[in-house]
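Just so we're on the same page, this note's numbering is the position in the sequence shown counted from 1, plus 197.
Input: a single structure, listed below in C-alpha cells.
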Amino acid sequence: MYSLQLLLAVFLSAAVCLGQDAKSPAARAATSETSSAQSDFSAAQTLLQQGKYDEAIAQLEALSARNPVPKGLARELGAAYYQKGEFLKAVDNLKKAQAEDPRDNESTQLLGLSYYLAGRPADAIPYLEKVQSWFPRANVDAAYILGICYIQTKDYPKARSAFSRMFDVPPDSAAGYLFTARMLLRQEFDPVAEEYAQKAAALDPRLPGPHMLLGELFLYKSRVPEAIEQFQKEISVNPANAAAFYKLADGYSRIQKYDDAERLLQRSIWLDATSTGPYILMGKVLEKKGEFELALRALRRAAVMDPNNPMTHHLLGQTYRDMGRSDEAESELKTAQELQTKQDARP
198 MYSLQLLLAV
208 FLSAAVCLGQ
218 DAKSPAARAA
228 TSETSSAQSD
238 FSAAQTLLQQ
248 GKYDEAIAQL
258 EALSARNPVP
268 KGLARELGAA
278 YYQKGEFLKA
288 VDNLKKAQAE
298 DPRDNESTQL
308 LGLSYYLAGR
318 PADAIPYLEK
328 VQSWFPRANV
338 DAAYILGICY
348 IQTKDYPKAR
358 SAFSRMFDVP
368 PDSAAGYLFT
378 ARMLLRQEFD
388 PVAEEYAQKA
398 AALDPRLPGP
408 HMLLGELFLY
418 KSRVPEAIEQ
428 FQKEISVNPA
438 NAAAFYKLAD
448 GYSRIQKYDD
458 AERLLQRSIW
468 LDATSTGPYI
478 LMGKVLEKKG
488 EFELALRALR
498 RAAVMDPNNP
508 MTHHLLGQTY
518 RDMGRSDEAE
528 SELKTAQELQ
538 TKQDARP
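Right under this line is the structure:
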C-alpha cells in the first residue's frame with residue numbers, strides 16, 4: 198500500500214499539471230513573456246554590477262520595442278540611468294515607473310535622489326518627504342538630503358527640522374540651530390549660518406560648538422579680531438578642545454603675534470598629537486621667528502604623519518632656503534610642486 202506522503206505528492210503533482218493544462222494559450226504566452234523579461238532584466242543588472250552601464254542600458258532600451266512593453270522596464274531603465282549618473286534620463290523613466298505603480302517605494306526614492314543630483318531640489322522635495330514619512334527615524338541619509346534641498350530652496354525652518362530629526366534633537370533647541378548652522382556653512386550659506394550659530398549661542402551660552410563655528414567663519418572672512426574673540430569663548434566653555442587652540446593660534450599668527458601662537462599650538466599638540474595642522478602651523482610660526490631648527494623638527498614631524506601634504510614640503514623648502522641649504526630647499530620645493538600638481542589634477 199502506498200504511503201500517505203506518496204499519495205499526497207502524486208495528488209499535488211497532478212493538480213499542478215491540471216492547472217497548467219487548464220491555462221489558455223494567451224495566459225501561457227503572457228507567463229512566458231514575463232519570464233523572458235525578468236531574464237533580460239537580470240542580465241542587465243549583472244552588467245550594471247560590472248560597471249558596464251552603456252551595455253546594460255542598450256539591452257534595456259531594446260526591450261522597449263516589444264509589444265507589449267515588459268512591465269517594470271521603466272523602473273529598470275530609471276535605476277540604470279541613475280547608476281550611470283544621467284539623472285535627468287533617470288527622472289524621465291522613474292516618472293513613468295511611478296505612473297505605472299504609485300506604490301513603488303524604490304522608484305519614489307530614486308526619483309527624489311535623481312532630482313536632487315540633477316540640481317532640481319524643489320522637485321526632489323515632495324518625493325524625499327514621502328521617503329521620510331516611511332522611515333522617520335531610520336533613514337538618516339534621506340533626512341540629510343532633504344535638509345540640503347530645503348537649504349537650497351531657502352526654506353531654513355524646514356531644513357532645521359530635517360537636521361534636528363537626523364540628530365534626534367528638538368528643532369527649536371540650541372543644538373538644532375547649531376547642527377543646521379554647520380550644514381549651512383558647508384553649503385556656503387554664510388550669512389544664515391552666522392545667524393543660526395548666534396541663535397544657538399544665545400539659547401545656550403554654555404553649549405560647545407557655536408563659538409567655534411563663528412570663529413571659523415570669521416577667520417575665513419579675514420575678520421581676524423572677531424575670530425579670535427570667538428575662539429577664546431569656545432575655549433572658555435570647552436577647555437579641552439584642541440582644535441580651538443589651533444584655530445586661535447592661527448588667528449594670532451595672522452596678526453603676527455607669534456609668541457602667543459606658539460604657546461597655543463603647544464597646548465593644541467598636548468591635547469591631540471594626531472593632527473598635522475598644528476605641527477604645520479608651528480613650523481610656519483617658528484620659521485617666522487627665525488627658529489629654523491625647531492621649525493624643521495615640527496615640519497618633519499608633519500611630513501612623517503602626512504607625506505603627501507604639499508604645504509608641509511613647501512614650508513620645509515622655505516626653511517631650508519632660510520638656512521642656506523639650497524639643495525635640500527630645491528628638493529622639498531620640487532616635491533611640493535609635484536604634490537600640488539597631483540592634487541589639482543584630481544576631479
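We put the CB at the ideal spot given by N, CA and C, even for glycine.
Inset, instruction - Please classify K351: does DSSP put it in a helix, a strand, or coil? - result: coil
Inset, instruction - Spatial neighbours of N505 within its chain, please: CB distance less than 7 Å, with the 5 preceding and 5 following residues excluded, ordered by chain position. - result: L536
Legend entry - For D469, three-class secondary structure by DSSP: coil
Inset, instruction - Look at the alpha carbon of M502 and the alpha carbon of T473, and state the distance between them as a whole number of angstroms. - result: 7 Å
Inset, instruction - Return helix, strand or coil for Y338, following the three-state DSSP convention. - result: It should be noted that the sequence gives Asp, not Tyr, for residue 338. D338: helix per DSSP, three-state reduction.
Legend entry - Alpha-carbon spacing of K444 relative to E484, whole angstroms: 18 Å
Legend entry - Nonlocal neighbours in the same chain, by C-beta distance under 8 Å from P367, ignoring five residues either side: S361, G373
Legend entry - Residues near A319 by beta carbon distance below 7 Å, same chain, minus five either side: T350
Legend entry - Spatially closest choice to Y313 from A397, A390, Y353, F284, by CA coordinates: F284
Inset, instruction - Report the three-state DSSP secondary structure of R357 (helix, strand or coil). - result: helix
Legend entry - Beta-carbon spacing of L410, L461 below 9 Å: no
Legend entry - Three CB pairs or more closer than 8 Å across the region 302 to 317 and the region 276 to 283: yes
Inset, instruction - Return helix, strand or coil for E283, following the three-state DSSP convention. - result: coil
Legend entry - Short Cβ contact (9 Å threshold) for Q151 with P405: For the chain, the structure presents residues 198 to 544; residue 151 sits outside this window and is missing.
Legend entry - Buried/exposed call for K418, threshold 16 Cβ in 10 Å: exposed
Legend entry - P507 versus Q540: straight-line alpha-carbon distance, rounded: 9 Å
Inset, instruction - Less than 8 Å between the CB atoms is what I'm expecting for A439 and S465, so what's the real figure, rounded? - result: 5 Å
Inset, instruction - For F415, collect the residues of the same chain with a Cβ closer than 8 Å to its Cβ; drop the 5 residues on either side in sequence, then sort them by chain order. - result: V421, E423, A424, Q427
Legend entry - Cβ neighbours of L270 in the same chain (closer than 7 Å, five flanking residues each side left out): L257, L260, S261
Inset, instruction - Determine the DSSP secondary structure at G406, reduced to helix, strand or coil. - result: coil
Inset, instruction - Starting from R498, follow the alpha helix (DSSP H) in both directions and report where the run begins and ends. - result: 489 to 502
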